[in-house]
Every structure is written in C-alpha cells, then in structure tokens.
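One structure below.
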Amino acid sequence: MKRYLALRAVAGLFTVIGGVAFILTFVYIVISSIDALSFASRYRIAPQFGPMIFTALPFIVSAIFTLAFGQLIDLIVNAAQDLQEIKVNMSRQGRAMYSQVEGIHRNVGFLATNRQGNVSNPPENG
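Taking my numbering, I'd label the letters of the sequence shown as residues 34 to 159.
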C-alpha cells in the first residue's frame with residue numbers, strides 16, 4: 034500500500050544503518066585484535082583486549098538497537114497492513130451477506146404479499 038511506503042523506507046534505512054554499523058564495529062574489533070596481537074608479540078607482553086572491547090561496546094549496543102528499531106517499525110507496518118486487509122475483507126464479506134439477506138427478505142416479502150396463489154414463482158428481477 035502506498036500509505037505505508039514512507040514507513041517502510043524509514044524501517045529499511047534504520048535496518049541498513051544498523052547493519053552497516055554492526056559490520057564496521059566487527060571490522061574495528063578484528064583490526065584492533067590484530068594490532069593488539071602484533072604489539073604484544075613485538076614487545077613480548079600479554080595482549081590487551083580490554084580497552085578495545087570497551088571502546089567497541091557502545092557501538093555494538095547502538096548497532097543492535099538501531100537494527101531492532103528498524104525491525105520494530107517493519108513489524109508495526111506489517112501489522113497495520115494485515116489489519117487493513119482484514120478490514121477490507123470483512124467489509125466485502127459484510128456487503129455480500131447483506132445482499133444475501135436483502136434478497137431473502139425480498140423473496141419472503143413477495144411470498145407474503147402474493148395473492149394469486151403461485152408462491153413457487155418468485156419474480157425474476159427481485
């Protein structure tokens with residue numbers, strides 16, 4: 034539906050931004066790990082991964098929340114579209130049921146008011 038197109042675009046944008054941030058954060062972690070290992074092997078000390086992890090942690094959390102927010106918007110849009118579809122289908126079914134009931138009502142009215150005795154022949158035009 035055209036009505037939800039802008040919300041879908043926003044959800045896609047958040048999902049893409051979160052995904053790119055997630056990937057870039059893990060690229061940073063890999064590069065920092067390689068750097069920490071090379072520094073440790075050069076000076077023959079134990080590698081220090083703590084500062085790198087604490088530096089990357091806010092980016093990981095923000096990437097996860099951005100992805101989740103994009104998915105939440107997409108979920109809400111899907112639910113709204115499903116509700117709209119249910120509403121349209123119920124409206125169609127309601128109109129069909131109304132026309133059936135209206136046709137039965139016409140036939141019953143005809144049978145009740147027919148004075149000639151030929152009740153088995155309802156009118157063709159209803």
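We put the beta carbon where it would ideally sit given N, CA and C, even for glycine.
Note that the structure is predicted; figures quoted are calculated from it, not measured.
So what's residue i in DSSP terms, helix, strand or just coil?
| i | result |
| --- | --- |
| residue 82 | coil |
| residue 77 | coil |
Measuring alpha carbon to alpha carbon, tell me which residue in the options is nearest residue i.
| i | options | result |
| --- | --- | --- |
| residue 39 | 109, 88, 130 | 109 |
| residue 46 | 105, 132, 130 | 105 |
| residue 60 | 71, 85, 36, 81 | 85 |
Please check if any C-beta of chain D sits within less than 9 angstroms of the C-beta of residue i.
| i | result |
| --- | --- |
| residue 37 | Considering every chain present, this structure includes no chain D. It has just one protein chain. |
If we ignore side chains and look at the alpha-carbon of each, how far apart do residue i and residue j end up?
| i | j | result |
| --- | --- | --- |
| residue 52 | residue 68 | 24 angstroms |
| residue 117 | residue 100 | 26 angstroms |
| residue 79 | residue 73 | 6 angstroms |
| residue 114 | residue 41 | 11 angstroms |
| residue 130 | residue 124 | 10 angstroms |
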